[in-house]
Amino acid sequence: MKTAQNLALSIALALGAGAAFAEGPIEGNEVFNFQSTLSRAEVQAQAVQANQAGLVARGEIVPVQEQVAVSGLSRAQVRAEAAEAQRLGLIARGEILPVATPAQIEQIRTAGLRAAGGEKLVQSGSAVTAN
């Protein structure tokens, strides 16, 4: 009698747990119902163009569009600004990113200007420029 009750209780719990997770497909194969604004031929033409331009990934190799950044700073300025930021403790270590105050930002910029133009700096108002 006790065994039958345990068996019935186990089956009831198993069926109840199965019903709790019965929310639909979870494999990512859900059907999304939407209307495209392009025809099949237009999509195929775009795919051919992307393939010819080398923008279609093959395996794990993902094409990257080359971007060139122009900073306008000389190497000496960048090195001086990096050294000043290091001195002020503003170089990130780990996950915590330090935030510079406006005064610290100005100190870093001034160090870069000093490196670019020597020691001759002109202070006008709150801005410092190299001469």
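Using mature numbering (1 follows the signal peptide of the UniProt record, and there is no 0), the letters of the sequence shown correspond one by one to residues -22 to -1, 1 to 109.
For each residue, glycine too, the CB sits at the ideal point set by N, CA and C.
What you are looking at is a predicted structure, and each value in this text was computed from that prediction instead of being measured.
Using the DSSP secondary-structure output, state which residues sit across from residue i in a beta bridge.
i: Arg71; result: Ile74
Starting from the C-beta of residue i, find all residues in its chain whose C-beta is less than 7 Å away, skip the five residues before and the five after it, and write them out in chain order.
i: Ala94; result: Ser52, Ala54, Gln55, Ala108
Quick check: what's the CA-CA separation for residue i versus residue j?
i: Leu(-10); j: Val34; result: 50 Å
i: Leu(-16); j: Leu(-8); result: 12 Å
i: Ala78; j: Arg71; result: 14 Å
i: Gln30; j: Gln22; result: 12 Å
i: Ser(-13); j: Glu20; result: 57 Å
i: Val26; j: Arg36; result: 14 Å
i: Ala(-6); j: Gln45; result: 53 Å
i: Gln82; j: Gly50; result: 21 Å
i: Val84; j: Ile69; result: According to the sequence as given, residue 84 is Glu; it is not Val. Looking at the two C-alpha atoms, the distance is approximately 16 Å.
i: Ala47; j: Arg18; result: 38 Å
Only counting the same chain, and skipping five residues up and downstream in sequence, which positions put a Cβ closer than 8 Å to that of residue i?
i: Ala61; result: Ala89
i: Thr(-20); result: none
i: Ile86; result: Glu59, Glu62, Ala63, Leu66, Leu68, Ala78
Assuming residue i contacts residue j (C-beta within less than 8 Å), just tell me the rounded distance between them.
i: Pro80; j: Gly67; result: Incorrect: roughly 16 Å between the Cβ atoms, too far for contact.
i: Ala63; j: Arg92; result: Actually they are not in contact, since the Cβ atoms of Ala63 and Arg92 sit about 14 Å apart, beyond 8 Å.
Under 6 Å Cβ to Cβ from residue i, same chain only, skipping five residues before and after it: list those, please.
i: Phe10; result: none
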